[in-house]
Structures are given as structure tokens and as C-alpha cells.
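Novice: Quick one: the structure is below, and I'll ask about it shortly.
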Amino acid sequence: KAGVTQTPRYLIKTRGQQVTLSCSPISGHRSVSWYQQTPGQGLQFLFEYFSETQRNKGNFPGRFSGRQFSNSRSEMNVSTLELGDSALYLCASSSLAGSTDTQYFGPGTRLTVL
Amino acid sequence: DAKTTQPTSMDCAEGRAANLPCNHSTISGNEYVYWYRQIHSQGPQYIIHGLKNNETNEMASLIITEDRKSSTLILPHATLRDTAVYYCIVRGRDTGTASKLTFGTGTRLQVTL
Chain Y
1458 KAGVTQTPRY
1468 LIKTRGQQVT
1478 LSCSPISGHR
1488 SVSWYQQTPG
1498 QGLQFLFEYF
1508 SETQRNKGNF
1518 PGRFSGRQFS
1528 NSRSEMNVST
1538 LELGDSALYL
1548 CASSSLAGST
1558 DTQYFGPGTR
1568 LTVL
Chain G
1192 DAKTTQPTSM
1202 DCAEGRAANL
1212 PCNHSTISGN
1222 EYVYWYRQIH
1232 SQGPQYIIHG
1242 LKNNETNEMA
1252 SLIITEDRKS
1262 STLILPHATL
1272 RDTAVYYCIV
1282 RGRDTGTASK
1292 LTFGTGTRLQ
1302 VTL
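Chains Y and G, in that order, are what the protein sequence lines are.
To get the working numbering, take the position in the first sequence, counting from 1, and add 1457.
To get the working numbering, take the position in the second sequence, counting from 1, and add 1191.
Next up, the structure:
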């Protein structure tokens, strides 16, 4: 099976712009979670989608949003970018939401905000 | 989810076993212990997980103490490619929270020649 794919892998934006990142889960997986990784804060949970519905949300401002499509692919959007949004954004997929289904991570999208 | 405590860093000689400890003294009865690793700037890689019994797969072994307050990840024959940050995570089973993995600072394992 192909793994979790994320596009683009690298992105450079300027302050005030918005950005959309994409995640394609492993085939058959219905849950997609998003994480932000920065040197200062480490890996932090953003949100999780299952069957096109947001099931869980981390402690991030409303500038961070996401959605999931009927084919389980997910996008996350960050509006009005700030310098502090520079990070590695990771998505992870699993078969089901919750339970003990293992989350498998993609390679990440490295976002740089100038 | 219960908090975990791991050493900041460890060294291991190539070919030797790497034993990475994790303390999770507040773990509850329905919480699992998961281990992931992250090689520089890549996505975290799942290694193994367990509830109360010891587990083994092709990558590693997981030893959980009888009181479940601590665990040890064992890489039986470490190689240079095992150099990474290893995260021990306690994960609940409730649908509303199990999807949210809480990563700590992990253990930076350096495998040397």
C-alpha cells in the first residue's frame, strides 16, 4: 500500500498570505489528523477529521482550519500567515477515528513564512 | 492522557541493543503505550504499541512493567539508521481523544560506530 502523501513538500509564503496544504491518506483510511511541529513547541495536534467531520481539535487559533473530502483526502488552510506559523506540518491517517488504530504519518510539508 | 517522561538523550554502539526507558506513572487501565521515532525532519514512524503484555515485531520489543507505570523499548541490534528521536506516547481509547497523540520531547538516540 502507498503511504500517506502530502503536497507540497516545501512552501515559502509571506506574512499575511494564506496557504493550503493537502494530505492523501493511506487507501482505506478514513481518519486524518494534522500536527504542527516547531523547534520551540514540538509536535502539537491541530485537528482530526473522520468521514468529512471534524472530530477533535487542538488549541490553535481560528486561522487554522481544515476539511475532508468524501474520498478521505484532507486539506488544511492557514489564513493571514504569521512568522510563527513557520513549521513542519504533518498529517497522519488511520482506519478509524479513535480506538487503537495506529496513526501513520506522512513526510510533512515544510512551510516557511517570510 | 497520561504524561510520559523520557531521558533527553542516549548513546548506543552499533550492533548493541538500545534500551529506551519511558515513565508513565499516571497511566490508566485503558490507555495504551505507543512508540514512534522521527528521523531528522521526516514524519514520525510508528514502531510498536502495547497495553500490558510485552510485544515484539520486526522493528523492536516493548517491555511494560507489571504495574504499567513504565516501559522500555528495545532495539535489539542498533544500526546507524536507528539514530532518531524516539517518542513514548500514552494514548487513550475514547473516540474523542484517542486521535490526538500527545508528543513529549522524546529521547534523542545517537548510534555510533
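Every residue gets a Cβ at the ideal spot worked out from N, C-alpha and C, and that includes glycine.
Everything numeric in this text was worked out from a predicted model, so none of it was measured.
Ignoring anything shorter than 4 residues or poking outside the region 1252-1286 of chain G, list the alpha helix (DSSP H) runs there in chain order.
Specialist: none
Novice: Taking buried to mean at least 16 other C-beta atoms within 10 Å of its own C-beta, is Y1561 of chain Y buried or exposed?
Specialist: buried
Novice: Could you please give the first and the last residue of the uninterrupted beta strand (DSSP E) stretch that includes V1461 of chain Y?
Specialist: V1461 of chain Y -> no beta strand (DSSP E), and no H or E assigned at all.
Novice: Is there contact between the region 1257-1270 of chain G and the region 1531-1540 of chain Y, where contact requires at least three CB pairs shorter than 8 Å?
Specialist: no
Novice: So, at 7 Å on beta carbons, what are the nonlocal neighbours of T1270 of chain G in its own chain, with the 5 sequence-adjacent residues on each side left out?
Specialist: E1205, V1302
Novice: Would you mind reading off the limits of the beta strand (DSSP E) that contains D1202 of chain G?
Specialist: According to the DSSP assignment, D1202 of chain G belongs to the beta strand (DSSP E) that extends over 1200-1204.
Novice: Keeping to the same chain, check which residues put their C-beta closer than 7 Å to that of L1300 of chain G; ignore five residues upstream and five downstream.
Specialist: M1201, C1203, A1209, L1211, D1273, T1274, A1275, Y1277
Novice: Between the Cα of Q1511 of chain Y and those of Y:G1499, Y:V1489, Y:Q1475, Y:F1517, spot the shortest distance and give me the residue it belongs to.
Specialist: Y:V1489
Novice: Buried or exposed, going by whether 16 or more other CB atoms sit within 10 Å of the CB of F1504 of chain Y?
Specialist: Its Cβ being crowded by 16 or more others within 10 Å, F1504 of chain Y is buried.
Novice: Just to check my reading of the structure: I1218 of chain G and K1260 of chain G have Cβ atoms closer than 8 Å, yes? What is that Cβ distance to the nearest angstrom?
Specialist: 7 Å
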